[in-house]
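This report refers to the structure that appears directly beneath it.
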Amino acid sequence: MKQIIFLGFLLFSLLAVAQKSEKYTISGYVSDVKSGEALIGVKIFIPELKVGTVSNTYGFYSLTLEKGTYQIQFRTTLYPTEVKEVKLFRDIDYNLEIGGGVQDLEEVVVNGKKGDNVKSTQMGAISLDIESIKALPAFMGEVDVIKTIQLLPGVSSAAEGGQGFYVRGGGPDQNLVLLDEGVVYNAAHLFGFFSVFNADAVKSVNLIKGGMPANYGGRMSSVLEVNMNEGNNKKFKVKGGIGAISSRLTIEGPLKKDKGSFIISGRRTYIDLIMKAAIPDSSPFAGSSYFFYDVNAKFNYKLTDKDRIFLSGYYGKDVFNFSDTQGGFSANMPWGNGIAALRWNHLFSKKLFMNVTATVSDYMFQFGSAQDQFRFNLSSGVRDVGSKVDFSYFPNPKHLVKWGANHIYHTFTPTSVSAESDSVVFDTGEAQKLFSHETAFYLMDDFELNDVLKMNIGLRYSMYHHVGPFTRYINGDISADDTTIEYPKGDLIQFYHGLEPRFSLRWLLPDNSSIKAGYSYNYQYVHLTALSAVSLPTDIWYPTTDIAKPQIGWQGSVGYF
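Position in the sequence shown (from 1) plus 2 gives the number in our numbering.
Written out as structure tokens, the structure reads:
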């Protein structure tokens, strides 16, 4: 009988321990109650446990906790902290719209959470929402993303008033600039005085200038990630503005209320109209003009509770014309970017999030001139077709695992030249195009070993294939003839690859301070040949080849926070 009582007591104790260690997951999306847009970087925190997480680019979060009742804080810079009581006795979906109780006040109070920067492993990451950017003085009425980040520590402008920027000594080509995950090769309008990012279409900006995580690659210095607005899925809205040199208009609204939305935003300068009014028809410079325009568009739709799709697009163009009828000379110089991105989010479980992306990025520059009967044309450009898949796994509040792969097919046209005089056409040969594949795989683990030490360890493996069709011209010496080597389409010309280790750590100190250290090793397979420090459309992008080697660099940093 005693043995039975003992076994019963032991079984009861084991059941009690098992019940005590039962864990469940709360997950969902955080959005803005006014517009329905996903909120990025919302901090979901449980004070009694001192654990939490942050919503990702799509507003998704996941927390795995022991069963019980919790007071969960939802913190964001846009609205006051909201506290929700959640009874966690099973896995639950908890979608939350924030900002319902906010009233417009005459006085604005800005609150900062100084502990956020202290406790994370990220060393040089700075996130800015567009409202903070709009609060800064604007040049000629145009709010500018890049001019804002040029004010940050560790970032300097390439030239006074220019759009190029240097991050901790790196060159302008060593910054990875992304718009909704599409690569931007030239982020400047008006010869560098304005950026291609329309503030009315931008939701958030994230700059990583040290300790680059393993999910980013292809550049050595920094990452500038710009996320577009998704559009209001509650009601239709129209807004616009008239500036000193440009006007803009934005239309947004639901595709289906609470299911999908769209936003279309455009702007155009009227410098050409001002120049036309200022230069009389009798002037030899009549017809000279300059203007730029750009259009942003984004559509998103919630297919199911576990599936969402996003379609983003951008197209912008600058056009410069110069005419001198007295000298018989004219010049025309257009350049611009086109970017498209299609993304699909899927939840395999409350802990496993997947994002699949397909992108197209196209940058083009042309220059044409005429002098009497002679005409000359020059063009350059780069086109990328890319795809990537990213997974995020949330085992518990102190552990995040990411892994994925991406591939880009590059088509570079460094220089294409044509010329003619009267009826004579000069044979300059076909434009030489360079083709390549850039592929990478990565794994990243962000975890807390204890209350003091937190680490982010990642490994990236990148590969680069320079492929045909391609013709290599070899100049012979005095005893040998000139020769050529023909590479058919798809033939491998040169292969580069390498491991890129990344890590960062945080050592928490008393009095809410910490010491951080970070290290990143990067391969860069694209190069920029620039004529000056000013960001000009004449700058030429050139790929790694069998002669032009990849750039390789490492970056280390230590800081006290």
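Here a beta-carbon is modelled for each residue, glycine too, at the ideal position from N, C-alpha and C.
Just so you know, the alpha carbons of Ile495 and Val169 end up roughly 33 Å apart. Contact holds between the stretch 340-352 and the stretch 173-188, because three or more Cβ pairs, one in each stretch, are under 8 Å apart. Contact check for Arg77 against Val44 passes: the beta carbons are separated by less than 9 Å. Excluding residues up to 5 positions away in sequence, Lys45, Ile46, Phe47, Ile48, Pro399 lie with their Cβ nearer than 7 Å to the Cβ of Gly54 in the same chain. Of all C-beta pairs linking the stretch 245-254 to the stretch 471-478, fewer than three are shorter than 8 Å, placing the two stretches out of contact. Bounds of the alpha helix (DSSP H) holding Lys278 are 273-280.
Ser223 is bridged by DSSP to nothing; it lacks a bridge partner.
Lys518 is bridged by DSSP to Arg508, Gly561. Only residues of its own chain outside the window of five on either side were considered, and among them Tyr544 have a CB closer than 6 Å to the CB of His529, listed in chain order. Taking every protein chain shown into account, the CB of Tyr60 has 16 or more other CB atoms within 10 angstroms, so this residue is buried. When secondary structure is reduced to three states using DSSP, Asp374 falls in the coil class, being assigned neither helix nor strand.
For Lys45, the enclosing beta strand (DSSP E) begins and ends at 45-48. In the DSSP assignment, Asn334 forms a beta bridge with Asn323, Gly370. The beta carbon of Ser418 is closer than 6 Å to those of Ser381, Ala433 in its chain, skipping five residues each way along the sequence.
By the Cβ test, the stretch 343-361 is in contact with the stretch 301-319, since at least three Cβ pairs between them sit closer than 8 Å.
The beta carbon of Leu51 is closer than 8 Å to those of Leu67, Tyr72, Pro399 in its chain, skipping five residues each way along the sequence. For His439, the closest alpha carbon among the candidates Pro155, Tyr411, Phe301, Met446 is that of Tyr411. Secondary structure of Leu451 (DSSP, three-state): coil. By the C-beta density criterion, Phe293 is buried, having at least 16 other C-beta atoms within 10 angstroms. In terms of CA proximity to His499, Gln553 leads the group Gln553, Thr79, Ser325. Boundaries of the beta strand (DSSP E) around Lys25: 25-34. Here the C-alpha atom of Arg504 lies approximately 17 Å from the C-alpha atom of Asp392. Within the same chain, Glu24, Tyr26, Leu90, Phe91 come within 6 Å of Lys69 by CB-CB distance, once the 5 residues on both sides are set aside.
Between the C-alpha atoms of Tyr303 and Leu41 there is a straight-line separation of about 16 Å. Annotation note: the stretch 190-242 contains the following uninterrupted beta strand (DSSP E) runs of length 3 or greater, listed N- to C-terminal: 204-210, 224-230. The stretch 320-338 and the stretch 358-374 touch, with three or more beta-carbon pairs separated by less than 8 Å.
Taking a contact to require three or more Cβ pairs closer than 8 Å, the stretch 348-365 and the stretch 321-329 do not qualify as touching. When the five nearest sequence neighbours on each side are left out, the beta carbons in the same chain lying within less than 6 Å of the beta carbon of Lys456 are those of Thr123, Glu450, Arg508, in order along the chain.
Gly520 is positioned such that its CB atom lies no closer than 9 Å to that of Asn217. Of the candidates Phe396, Lys36, Val427, Phe414, the residue whose Cα lies closest to the Cα of Arg385 is Phe414. Excluding the 5 residues flanking it on each side, Lys86 has same chain C-beta neighbours closer than 6 Å at Ile74, in chain order. Here Ser267 is bridged, per DSSP, to Thr252, Asn298.
Here DSSP, grouped into helix, strand and coil, assigns Lys400 to coil. Taking C-alpha positions only, Thr306 is separated from Val225 by approximately 32 Å. With distances taken between CA atoms, Phe497 lies nearest to Ile549 out of Ile549, Asp93, Ile480.
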